[in-house]
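Comments concern the structure below.
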Ligand code: NI
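Numbering (my numbering), first residue to last: 278 to 429.
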């Protein structure tokens, strides 16, 4: 999983560009009901927090049931919109550095361990880790304006 961890660290280089976005631009909602950049990055912090649980618990148990999370509700309750942009960027970057370390050191046997999701699907840890990066890159592209802007 070295390469997956490295992909995550590469994407984190976007933090330099994120810091160049000012508070007003980060707070702007493109349309009513659409997330601002603060809220999109906040959503990625929520994704990190939820996936952290999966990444660790699935190394300690061969099969687990864990809840999912409602992205809109997590963003709303945490009021990312009212937080300073630079703190959201710092937390996003530092949390993901820890997750990159977790991914780098995951035991090979644990990659076949299963999360039985609330909708009844079985996902193994390798899929969950790879999908985590895909989701992160998708939302990072939204914040940066396009797919090509996400560092490879
Ligand atoms: Ni999402």
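Even for Gly, the Cβ is constructed at its ideal location relative to N, Cα and C.
Using DSSP with H/G/I as helix, E/B as strand and the rest coil, what is residue i?
i           : result
residue 343 : coil
residue 291 : coil
residue 280 : helix
residue 382 : coil
residue 352 : helix
residue 311 : coil
residue 305 : coil
residue 410 : helix
residue 359 : helix
residue 449 : There is simply no residue 449 to check, as the chain begins at 278 and stops at 429 in what is shown.
residue 405 : helix
Give the DSSP bridge partners of residue i, in chain order.
i           : result
residue 392 : 341 and 400
Looking only at its own chain, which residues have a Cβ that is under 8 Å from the Cβ of residue i, when we skip the five neighbours before and after it?
i           : result
residue 281 : 380, 406, 407 and 410
residue 334 : 341 and 343
residue 296 : 363 and 366
Can you give me the Cβ contacts of residue i inside the same chain, cut-off strictly under 6 Å, excluding the 5 residues immediately before and after it?
i           : result
residue 401 : 389 and 391
Should residue i be flagged as near chain D, meaning a C-beta pair shorter than 8 Å?
i           : result
residue 388 : This model lacks chain D altogether, as it is built from one protein chain only.
Spatial neighbours of residue i within its chain, please: C-beta separation below 7 Å, excluding the five flanking residues on both sides.
i           : result
residue 316 : 352, 357 and 358
residue 330 : 343
residue 345 : 394 and 395
Looking at C-beta atoms only, is the number of pairs between the segment 384-401 and the segment 332-341 that lie closer than 8 Å three or more?
-> Contact between the segment 384-401 and the segment 332-341 is present: 3 or more CB-CB pairs across the two stretches fall below 8 Å.
* Asked: Should the segment 411-418 be regarded as contacting the segment 282-292, the criterion being three or more beta carbon pairs within less than 8 Å?
  -> yes
Beta carbon nearer than 6 Å to a non-hydrogen atom of the ligand NI = Result (chain order): 320, 348, 412 and 416.
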